[in-house]
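Take a look at the structure below.
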């Protein structure tokens, strides 16, 4: 019986690898070329590690026929992606197919145990609207950081993606829109919420708060660059501080997220061996 299970698993892996090979190639190419998804390599590793920690719960129970319907849905999404030439749809269908296979062979209990790592794989899939979202965040970053600088008494004006401070012009390009910070912070907030013990709605609040936190962190970063340029010269922000400011404010945003988790009364899961 054990050999039969292993054989079926190997055949399933081979079929998935063959069917989804073009999708795997597209994902890897996107991770290598798309700066918004350079974290893509880490996502399946994190998901795989979480599944490994759940290995004691992944014992075959009564297989669920629901898995066959989920597999059918996954196949339908895959076909839609092929017909409509939308590469992200086959990638989404992979998540559905994996969930269907888990239901079909292991049952609902085991599938429930790995629902988070399966869902977390969404963060490895480049979404088609990310570029448009980047442009929206670019506009928000320009106006919010300009407003904040005015609070400090500096007369700045905005023209499109530019912030003018006297003769100094700051161009807020897409890399400075905060989209990288937003995607990374959302992924980190999802993992952090999973590691917490507490009501689901509180952990959902933490995930949702990651949106304004990412925007706020990028606003503070741009405003700090403008203020430093004003009082210490443009050269002061064109080198080390410019490069270090992005990870610096990202860390600050995440620390604030941890603080909010503590305020909400959530606490980290404690391994059973340490209780």
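In our numbering, the protein residues as written are 41 to 315. Using N, Cα and C, we set each Cβ at its ideal position, and we do this for glycine too. Just so you know, these numbers come straight off a predicted model, no measurement behind them.
- Per DSSP, residue 172 is one residue of the alpha helix (DSSP H) stretching across 170–191.
- When DSSP states are grouped into helix, strand and coil, residue 102 belongs to the coil group.
- Secondary structure remark: continuous alpha helix (DSSP H) runs of at least 4 residues inside the region 81–160, in chain order: 82–93, 106–124, 128–145, 148–153, 155–160.
- The alpha-carbon separation between residue 137 and residue 53 amounts to approximately 11 Å.
- For a cut-off of 8 Å, the C-beta gap from residue 257 to residue 221 is around 6 Å, short enough to register as a contact.
- Counting other Cβ atoms within 10 Å of its Cβ, residue 244 stays below 16 and is therefore classed as exposed.
- It is roughly 27 Å from the alpha-carbon of residue 303 to the alpha-carbon of residue 188.
- Of the candidates 190, 121, 77, 77 places its Cα closest to the Cα of residue 171.
- Cβ atoms of residue 260 and residue 290 stay farther apart than 8 Å, at about 11 Å.
- Close CB contacts of residue 186 within its chain, under the 8 Å cut and outside five residues either way in sequence, are with 196, 197, 198, 203 (chain order).
- With contact defined as three or more Cβ pairs closer than 8 Å, the region 56–74 and the region 126–143 are in contact.
- Short of 7 Å from the beta carbon of residue 117, and not among the five residues preceding or following it, lie these beta carbons of its own chain, in chain order: 129, 132, 133, 136.
- Judged by DSSP secondary structure, residue 246 falls within the alpha helix (DSSP H) whose first and last residues are 240–272.
- If you check the CB distance, residue 70 and residue 168 do not come in under 8 Å.
- Restricting attention to alpha helix (DSSP H) runs no shorter than 4 residues, the region 274–309 encloses them at 280–303, ordered along the chain.
- Sequence-distant partners of residue 233 (beyond 5 residues in either direction) whose C-beta falls short of 7 Å from its own C-beta, in its chain, are 243, 246, 247.
- DSSP lists 203 as the beta-bridge partner residues of residue 210.
- Distance check between residue 151 and each of 142, 157, 228 places 142 closest, using alpha-carbon atoms only.
- The criterion of a C-beta distance shorter than 8 Å is not satisfied by residue 162 and residue 94.
- Taking C-alpha positions only, residue 193 is separated from residue 266 by approximately 12 Å.
- Between residue 140 and residue 111, the C-beta gap is smaller than 8 Å, which places the two residues in contact.
- In this model, residue 273 and residue 66 are separated by some 44 Å (Cα to Cα).
- With a cutoff of 8 Å on beta-carbon distance, residue 160 and residue 230 are scored as near each other.
- Counting only the Cα atoms, residue 251 lies some 28 Å from residue 209.
- Taking the Cα positions, residue 89 is about 31 Å away from residue 174.
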